[in-house]
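There are 6 protein chains.
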Amino acid sequence: MTAAPAPEPGAPAIPWEDRPAGGSVLWRSGRNPIIARDHLPRSNSIFNSAVVPFGHGYAGVFRVDDTARVMNIHAGLSADGVAWEIDPEPIAFTPADDRVGEIQERFLHAYDPRVTWLEDRYYVTWCNGYHGPTIGVGYTHDFETFHQLDNAFLPFNRNGVLFPRRIGGRYAMLSRPSDNGHTPFGDIFYSESPDLVHWGRHRHVMAPEPWTWQSTKLGAGPTPIETDDGWLLIYHGVLTSCNGFVYSMGAALLDLEQPWRVIARGRDYLLSPQAPYEQVGDVPNVVFPCAALVDRAADRLTIYYGGADTVVCLAHGYLSEVLSSLKP
Amino acid sequence: MTAAPAPEPGAPAIPWEDRPAGGSVLWRSGRNPIIARDHLPRSNSIFNSAVVPFGHGYAGVFRVDDTARVMNIHAGLSADGVAWEIDPEPIAFTPADDRVGEIQERFLHAYDPRVTWLEDRYYVTWCNGYHGPTIGVGYTHDFETFHQLDNAFLPFNRNGVLFPRRIGGRYAMLSRPSDNGHTPFGDIFYSESPDLVHWGRHRHVMAPEPWTWQSTKLGAGPTPIETDDGWLLIYHGVLTSCNGFVYSMGAALLDLEQPWRVIARGRDYLLSPQAPYEQVGDVPNVVFPCAALVDRAADRLTIYYGGADTVVCLAHGYLSEVLSSLKP
Amino acid sequence: MTAAPAPEPGAPAIPWEDRPAGGSVLWRSGRNPIIARDHLPRSNSIFNSAVVPFGHGYAGVFRVDDTARVMNIHAGLSADGVAWEIDPEPIAFTPADDRVGEIQERFLHAYDPRVTWLEDRYYVTWCNGYHGPTIGVGYTHDFETFHQLDNAFLPFNRNGVLFPRRIGGRYAMLSRPSDNGHTPFGDIFYSESPDLVHWGRHRHVMAPEPWTWQSTKLGAGPTPIETDDGWLLIYHGVLTSCNGFVYSMGAALLDLEQPWRVIARGRDYLLSPQAPYEQVGDVPNVVFPCAALVDRAADRLTIYYGGADTVVCLAHGYLSEVLSSLKP
Amino acid sequence: MTAAPAPEPGAPAIPWEDRPAGGSVLWRSGRNPIIARDHLPRSNSIFNSAVVPFGHGYAGVFRVDDTARVMNIHAGLSADGVAWEIDPEPIAFTPADDRVGEIQERFLHAYDPRVTWLEDRYYVTWCNGYHGPTIGVGYTHDFETFHQLDNAFLPFNRNGVLFPRRIGGRYAMLSRPSDNGHTPFGDIFYSESPDLVHWGRHRHVMAPEPWTWQSTKLGAGPTPIETDDGWLLIYHGVLTSCNGFVYSMGAALLDLEQPWRVIARGRDYLLSPQAPYEQVGDVPNVVFPCAALVDRAADRLTIYYGGADTVVCLAHGYLSEVLSSLKP
Amino acid sequence: MTAAPAPEPGAPAIPWEDRPAGGSVLWRSGRNPIIARDHLPRSNSIFNSAVVPFGHGYAGVFRVDDTARVMNIHAGLSADGVAWEIDPEPIAFTPADDRVGEIQERFLHAYDPRVTWLEDRYYVTWCNGYHGPTIGVGYTHDFETFHQLDNAFLPFNRNGVLFPRRIGGRYAMLSRPSDNGHTPFGDIFYSESPDLVHWGRHRHVMAPEPWTWQSTKLGAGPTPIETDDGWLLIYHGVLTSCNGFVYSMGAALLDLEQPWRVIARGRDYLLSPQAPYEQVGDVPNVVFPCAALVDRAADRLTIYYGGADTVVCLAHGYLSEVLSSLKP
Amino acid sequence: MTAAPAPEPGAPAIPWEDRPAGGSVLWRSGRNPIIARDHLPRSNSIFNSAVVPFGHGYAGVFRVDDTARVMNIHAGLSADGVAWEIDPEPIAFTPADDRVGEIQERFLHAYDPRVTWLEDRYYVTWCNGYHGPTIGVGYTHDFETFHQLDNAFLPFNRNGVLFPRRIGGRYAMLSRPSDNGHTPFGDIFYSESPDLVHWGRHRHVMAPEPWTWQSTKLGAGPTPIETDDGWLLIYHGVLTSCNGFVYSMGAALLDLEQPWRVIARGRDYLLSPQAPYEQVGDVPNVVFPCAALVDRAADRLTIYYGGADTVVCLAHGYLSEVLSSLKP
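Those protein sequences? They're chains A, B, C, D, E and F, same order as listed.
Take 492 as the starting number for the first sequence in our numbering and just add one per residue.
Take 492 as the starting number for the second sequence in our numbering and just add one per residue.
Take 492 as the starting number for the third sequence in our numbering and just add one per residue.
Take 492 as the starting number for the fourth sequence in our numbering and just add one per residue.
Take 492 as the starting number for the fifth sequence in our numbering and just add one per residue.
Take 492 as the starting number for the sixth sequence in our numbering and just add one per residue.
Shown next, in the form of structure tokens:
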């Protein structure tokens, strides 16, 4: 199982709906939300989740807040990427080496997962509570057994996203250093590792832009998508209104070999909270992307995002148009 | 009129709707909200209100914010507990003794009432503005004439709830010490009194639990319900999301004779803001219980709660199931 | 074109709908919102906008936040005051004198416009970003070419509203000194000018009133309306709930010759956020009036206000009733 | 031992130094600080302490922060009120009744004691950590054995000071409701008790005065001194400078029978932090009075106060002059 | 009396002490503080004060906080600029016109005065409490009778400093827009007036510089000094340490005809709080310049500044060296 | 030059003064401060600095804030460890590899250095401003030429301290994750690296202890000292008084092979700000240790610490006594 994570022959096409009249670069699925908050017996909400092609269908890691409002991540499978079987039990990671048990002594919570096919397996990164939020790292071959590596960074960090291949011979990750609360700031940084355990060469990538939809903080979303123009980064940006944070989704292009160099950055958001399931819920006014499926042949891009920290939604667009939107 | 507050013969059954398919321990009334925000000519909102059996029907004390957004409490009557006649004028308390006039010199506001049948009359407690929020105490025999006692405590305090009988020979009250704003903390305490005027023997009962639906603060809701297992306490717990407080409802069991000892405490909330009238309103995402009716013969429990600090709602459940939900 | 801004013969009546059953002093248009958030191709939201009679119809200056969430003001025309043609490009002000270019060196943003017919032209005031928010001043004769004067005040200021005639021989403006964020305080002040460039004689007009709908801050809305009883001021007042600001609309009467003297002030709000398009949007729970049309013959008052910082709405009332509501 | 706490025959005069040239109403002792921060082997600081006549000399209860910065209170004895023997071990209270043990289960800290001779014994009140700061109450006959009553109030409270006799047949206490941090607000309240365990009849006494030395908060200091004019209350008032709190000392007169009625209140502070030992220390700029000795025959008043939360100091004045200073 | 405010013949030289060994560009007077905090019978502190040549000596306006900590300004006279007679009563301004009485209805406080000889009289500007801090303006011919003009600006503003001549035919003032507390931000702006009553043409002059002694806020100090190179502006800059604000003194050069253009700005502070009377007092770590005397013939510059918001101090330097220090 | 950093033959003894009468476990040098704030021509302050044995004397890296209040680090040499020659120019690091230049593009500031002899050279760690504070790493052989490695961690981090040998085959560092301001929290963590560039295996070491001298945050001080009992860690702990942070010094023992396991931790501080040069200065009430010299034969320990963020000071003690003080 060393091949790329491309859909196997016979695998279903990625979820798709054509653009409605008057649609913009991205448009919402008419089936939104595709996963309801009470999809599981004890789920308070399911959102901010990651999906990848897997076998003859799709697999995912889902953020599930239970009815005690404890945050955890669960595995799931789907034939079509829209209808999901999610494990009612959270993922139980086994230590990937004999040191990992030391950080498992005290489990606090896990949330906002991403999944990346890298070399020969699916890596999962998530926000892992260890004396503050930091980036948990694990992997699976089959979405049944999951192995945990050491945390990538010191607290306080969130939104750790792996690149899908080595860059300059090193593993590479984006992340957003934070504080220990509802952080009112946050830039995206790039870090490298020879072994996915020790990380260094930290480089600043992007800061908020004053007086825009991304003026408070921002964080990487799906696994960056390699294109001829550079890495396409879908990310969330946050504006602080007088009644709280507003999370929108936008895009940027990063240099293929020096991804901390920003080649282009979209002026406009691609999607902001305007649908009821994005405006009303446990956290009003949130659009939070965590995964993307690409059908390069069809020029199709489908993004999984959380709505209002409550439900899972889909947005669609043409890859070429998203790239074009970044050019001045 | 020294008998218990049990419904008189011929009194109507408590409001009730059977559990819908897929319902959980508590379920919402299909008639919610049972009292609209503009139920009175000058009401901005009616919510966080208390109801008790009274005569051949029900009586209540209602939080009414008027269209100046001044907060006050009003009396009301109902034949069935669902359709209410609420007095458009606030309750005008007469001093219960010759000292009470001293604290009535400057009326600021009154809100979040509870009503408890205790010995021979209905006691009302509420959040009373006297150089800061504190616990007002009064009583009525007929829901027409109301008498005011001295405030129970120094400011700053909210959510004062009387027990329905003396404990160890003393009157007993739960309350939540606060600060003078939108308090971001708060534990439940227990206090005793020989005369409902002087209070002491303050004991800590429950603190918030980190990383759960009740991680910021909590406060007692309806009058505690005596059961063989202990006092059933329905209470609100608050979580702080990145866009504000989320108020949910849960339950605990307190020791019958030492009610500051917690016997059991539910891990999950019983109801959290998921209906539109709880998610949208003057304060989004609020479920706030203030009263409960019990039909022990039918094992029925009906809870009155405020939705979004805007309307009055009902939830139903089986008393035995609520108690079972607290057991590990 | 020196005559008053009264509608020309043949001009349409102001937008109007009769009072629905059970309506209060002001009532909402059944056509709300009259301008959708995506009315322009690149508009994120259109709200807090000003309308005046113009020629055979109406003209307006609109706050448009674009899909980068950059705030700007745009001109628009309408035959009936309800259906609008809005210029997709922001207003480009030309300097009204040779000094104005100095403050145009660095444009940050423009928002919350008001428009006032004064002597011989339409003046526009708005919140102008110049090293902090302050009051921009400009004018137009035709809503095609706009001329910019110097800013009226030092930062930090918002909600600058001109009176429609000189008072005591001086131009007069209301404004609300602020800070550089989402200001949690704010009183209305009055200032005078001989030339609309230099301002002085600053007088305090109104402060918030504790424990009411206007307890946090307040700011002038439409151009004051001259009546025999005084200047009718429609204004917004803000209450801070535990989940953020709530913006409502109320009224006061100011002395005709010493407008900093308050003759009467309404106890109740006239409109508070209770419709979905006021409760849900980019900033939940906002009703923000910026303009009013008066048909004195018909005793009609129509108010343009922003809903939830997202859409433009209309409210109607009888001028005489609004005035009556201010009397004790 | 039921007699009053007047010095026994042969007892030394109260500590005293004559007024220096140019002195104001109160003047500092030339021996200040009379107790050094390292007076005890493990003391980090000794300050905010209470002294009373006792037998042939004086006794006191001292706030001692140890070198772990744990706050506790210690007993001490002195022949002259200036040179002190302080017990290196904190006071170990025995429960005064069979319920007090319930609040002793978890000791957090004790600080800022006051001592009052009341009826037949010396009562000690202090800030007692019990799920937040509140008012601890105890007593002693001999400053060797100390008995603890229940806490007077719910948290959060500080600066509880008993009156030296019953008023209207009730025990009476001043206190200052607070929050759980370095409270930026605080008024003085009055409460009554039939038994020193249950407290009620809470009355507001004094609020801060804007733009003065007492504009942030204030709290009672020594036991009120009964005079023909009323209760003389020495208290601390706090101003918030741009670099922190400044604690000064002032005085007021309270009605003898309704002490919540303020008869007179000094415009000026009596002492503010101007000596090095008040300006520099663990908390710069603090003068904090906790006790007073009165020699009525000699018209002498000697005040014990803490300097910079680090040391114990003395100030002197003539009782008649302090009273005169309160008259307009 | 139209001549310039140059010292009259026979007037004493400005206060001066030669540079001590090892001194830097500015050095402290060995007589510091030249005015003690208790210089007046009821003064808590005297600081942040302004001095000008007057007749055969010097006159000044002094900030005096009294022992109630009420802030006010007092006139004073001196033969040598070092030994001062200060009026124990605050300045009582008479209205300069029939409108000024309107703003005198409610006096709150006055502080931080500056004095400028302009055309034919001495103008005084100060921070004037009128529903928030703003810039008071008055004048005197003789330092006995003072006349008050209208406030220059709306609140919130501090540190208003007049230029000593018209610029471009207009009066000119520097100021620092603020908020209503201990403002943690603040830039210097420039404004113009035809009549000292109405102000406009507001221009931004200087912002804080991150990571330096002037990283939080800054404000103009003495009246700008006209030199061939431009206006020499001595100003205060503030850094926020983890224990509060640190106020230092620096200098900049402004364009003679467009003073909002900064020609040069010193990298280093000229004086920061390092003497005990600057480090310890009512506000630790404050050096706050308000006035300067220049002896151009002798190349001497003497600056009056407040120390620790408690005392008045002097610093000396050579004008030419200060100018040189601004050049890169 | 691969030998250990032990003083060479003929090198001077470490700075030392015998314990004064009444001294505690640590005592201050009578020569404090040993380096004045204006030791360099353009130094505002010199403090929080690191010293090691070097050749026939001592070398150091010093935090120097210049008179613009820009923070930088400078090299220095001394024959006796007390009298220092400090380079007036900051250290100019040369990149240690071809990637380091990327992080040198934008230099913000450098402060709070530590120096550790490790294997064959002196490593320097410091707080390095790179889009927020993080841990800079460099080395020198001769204190003339300094080489910079990549930053160890992502922002926000401070107080990075290397262990003086590999542990488990890995380089090891303590650090304190922070936020981007005057962080009001902070625990000590442990991290490992194979190459001093990539870091992982992050482990929590110590958290603040409520209600003590170390209740707000803490950070490692000198290079840990290897003893038979474990690593002796001297560290700073911070308490938040109502007037700001108080920094004291204490000690703990860490496991030799698993240094994130705390063997013992002192209850009391070893030194808190009680000397004038610790209580008064740019940041009042700071004692901040950064280096230690050990003479094991003489059982002597000498600690270099910063006083009031202004000067460099020395404290002495017996190593054995410090270790004993940690045992319960």
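Glycine is no exception: its CB is placed at the ideal position from the N, C-alpha and C atoms.
Here C:P675 has T707, K708 and T731 as same chain residues with Cβ atoms under 8 Å from its own Cβ, once five neighbours each way along the sequence are excluded. Ranking C:P750, C:V729, C:G757 and C:R758 by CA distance to the CA of C:V777 puts C:V729 first.
Residue-level contact check: E:T558 touches chain D, since one or more beta carbons of chain D fall below 8 Å from its beta carbon. Per the C-alpha coordinates, the member of F:A742, F:F637, F:Y726 and F:D719 positioned closest to F:S816 is F:A742. Cβ atoms of D:F553 and D:S540 come within 8 Å of each other, at about 4 Å. Cβ contact annotation for F:I594 (same chain, cutoff 7 Å, sequence separation greater than five): Y621, D641 and N642, in chain order. With three or more CB-CB distances shorter than 8 Å, the stretch 711-723 of chain D counts as touching the stretch 783-797 of chain D. Residue environment: E:G651 is assigned as buried (16 or more neighbouring CB atoms within 10 Å of its CB, all protein chains considered).
Under the Cβ criterion of 8 Å, F:P775 is counted among the residues facing chain E.
Every unbroken stretch of the beta strand (DSSP E) spanning 3 or more residues and falling wholly within the stretch 590-632 of chain B is given here in chain order: 601-609, 612-620 and 624-631. Nearest to D:D611 by alpha-carbon distance, out of D:S515, D:A783 and D:P655, is D:P655.
D:I526 and F:N523 have their C-alpha atoms some 26 Å from each other.
In the assembly as shown, E:A783 is a buried residue. Its beta-carbon has 16 or more other beta-carbons within 10 Å. Chain-order list of chain B residues neighbouring D:N671: F676, by C-beta distance under 7 Å.
Of the candidates D:L805, D:P624, D:F647 and D:S520, the residue whose Cα lies closest to the Cα of B:S669 is D:F647. A:P544 is bridged by DSSP to A:Y549. The alpha-carbon of A:D800 is positioned some 13 Å away from that of B:G735.
Taking C-alpha positions only, B:T718 is separated from B:F779 by approximately 23 Å.
The C-beta of D:S534 has 16 or more other C-beta atoms within 10 Å across all chains shown, which makes the residue buried. Against chain F, the CB of E:S569 has no partner CB under 8 Å away; the residue lies outside that interface. By the 16-neighbour rule on beta-carbons within 10 angstroms, D:H547 is exposed. Against chain B, the CB of C:Q749 has no partner CB under 8 Å away; the residue lies outside that interface. Residue state for A:S515 is assigned as coil, using DSSP reduced to three classes. The three-state secondary structure of E:V803, taken from DSSP, is strand.
For F:D556 and D:Y662, the gap between their C-alpha atoms comes out near 59 Å. Of all residues in the stretch 792-805 of chain A, none comes within less than 7 Å of chain C when Cβ atoms are compared.
At a cut-off of 8 Å, the C-beta of A:P646 has a neighbouring C-beta in chain F. Rounded to whole angstroms, the gap between the alpha carbons of F:E769 and F:P775 is 7 Å.
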